[in-house]
Structures are given as C-alpha cells and as structure tokens.
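Numbered as in my numbering, the sequence shown ends at 1493 without a single skipped number.
Inspection log for the structure reproduced underneath, given as structure tokens.
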Amino acid sequence: MYLVLSHVLAFCALCISSFYDVFSEKGDVPDLPAFVAIGAGIILHAIYAFQAWSVEPFLWMIGTGLAFSAYGWMAYWKGLWGGADAMGVTVLGFAAPYAVSGPGLIYPVNLFVNIMIVGLVYTVGFAFYRAVRSEGFFERTRDRILEDKRRIPVEVVAAGLFSLYAGTVDLNPYLYFLALVFIIFLYRFLKVLEDSEMTKTVSVEDLEGGEVVAEQGDIIEGISEEEIEELEVEKVEVQEGIRFMPVFPVALLMTDVFGAGVFLLLQIF
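Set out below in structure tokens:
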C-alpha cells in the first residue's frame, strides 16, 4: 500500500508540474509539488522498510534517488534541460525507485530507458509540430543539409560500418543503420529548429524576467529582474526550450503498467 501511494503521489506531482510547464507563458514550474512527492516518497519507503523489518528497501530508495538525482542535475549543469526537468527525475528516483512489488534493479533501469524512449518520441513530435507551423522551415532544413554535403556522407559511411559490425554479433544491422541515419538527419532538423524557431532577438527593455537568455551560459534558467538591470547591451537572444516535463509522468505510467524499457529495446534490436 505504501509503495503504491508513493507512486501515485509521484505521478500526481509530475502531472501538476507538467501542466504548469506546458500551459504557463514562460514554462514556470513551482517546486512545491516536487518537494512534496520527494518528501512523501522518503517517508513512505521508510515506513515500508520498518514494517518489513529490513533496511534494504530504504537503502534501495536512497541509492536510486541519488543516482537519478545525479543524472538529472548533471544534465541541468550541462545545459541539456532546465531545473524543473532535473527535479522531475529526482522525484522519480525517490518516490518511485522500484516496483510496487518491492526492491529490484530491473524497474529503475526500465524507468530510465522509458524516459529516453518517451523523450525521443516527444521531442521528434514537438519538432515536427513546430516545423509544420513555420513557413519555409523545410527549405531551410534542406539548405542546412546541402551545407553539410561533405560531412553527411562520411557520417553515413560510419553508420554503415558500425551496422555491419552489429550484424557480426547477431544484432539487426538494417535496423541499426536506419536508426543511425535517422539520427544524422534529425540532428540537422533540430539545429534548424533551434536556430530559427526557438531563438529570437528581443530588446532588453522588453524583458520581464523569467526568459532564458543565451548570454547567461550553458545553464537553462530564467533571467532575474536584477540580472536584467545589469545587462549592458540593447538586445539579447532569448531561447525557448522544449516543454519536457510531460515525459516523466508518461514514462512512470508506462513503466508501472507495461514495464517495457529494456525488454522493448531487446525486442527491437
């Protein structure tokens, strides 16, 4: 019961955070739902461990929580996503560290893999949605590919060689080749999206606080009113990120209901 309640609280907190991320003007996500889920997860797993007269469930929770947190915040400091996304991973690590049946390694591994799978599908879907709404986007993507006409063949050949190696160890070489070629062209597609649709130049006078300014460095966080006053330029580049929070409740639901993750990848590859 305690583990089920912890998973439910994690799902609810992530859904609330996702609502703010998607529907608020600047993607501002409050910290309170995440803190409640993390605190409740720790307490509920402590109660579960006490009733089981074993410290193992509590140690599993601490270990998984720290591992997920380390990954989430390292990605944040590398500028791969925002602080709310790092907090979402932390929620999963402490409030849903293993299956409701008890501790085990396969559940957190499946959960992590499902985050990657759902995140990829979500990102590609978001990118195509923005591309279709943008006039001349596909022409710009074509031009970007033509600019890299010398580099892309080298990458495709490298993908082919790796796929041939995959075939020698009983993996599907055709699937690997198609996946790698897809990633090669997806990278160009997303770069055009970032440069033309997700970045815009605005006057410093129009900044209200909370915008992500490119000049702030790699960390993705909104600029404060005090930092705006310290800017010594007239215009800055403001970046819009992908509203990524919905990935986490979907990955949790997918793991709890279907498992998937590692087993899905093994079946595909």
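Don't be surprised by glycine CBs; every beta carbon is placed ideally from N, CA and C.
Status (buried if at least 16 other CB within 10 Å, exposed otherwise) for residue i
i       : result
Ala1294 : exposed
Met1298 : exposed
Pro1281 : buried
Asp1252 : exposed
Phe1274 : exposed
Tyr1389 : exposed
Ser1325 : exposed
Gly1303 : exposed
Ser1230 : buried
Val1416 : buried
Asp1245 : buried
For residue i, the three-state DSSP class (helix, strand or coil)
i       : result
Ala1382 : helix
Lys1373 : coil
Lys1415 : helix
Gly1326 : strand
Gly1306 : strand
CB-CB length for residue i against residue j, believed under 8 angstroms
i       : j       : result
Phe1350 : Ile1466 : 5 angstroms
Ser1241 : Ala1258 : 6 angstroms
Thr1347 : Phe1413 : Actually they do not touch by this definition, with Cβ atoms about 11 angstroms apart.
Trp1284 : Tyr1322 : 6 angstroms
Residues near residue i in its chain [Cβ-Cβ closer than 6 angstroms; skip 5 each side]
i       : result
Thr1479 : Asn1334, Leu1335 and Asn1338
Tyr1400 : Ser1387 and Ala1390
Val1342 : Val1471, Val1474 and Ala1475
Spatial neighbours of residue i in its chain, beta-carbon cut-off 8 angstroms, leaving aside the 5 residues before and after
i       : result
Val1405 : Val1380 and Ala1383
Quick test of the definition: if touching needs 3 or more C-beta pairs under 8 angstroms, does the stretch 1344-1363 touch the stretch 1301-1321? The stretch 1344-1363 vs the stretch 1301-1321: no contact.
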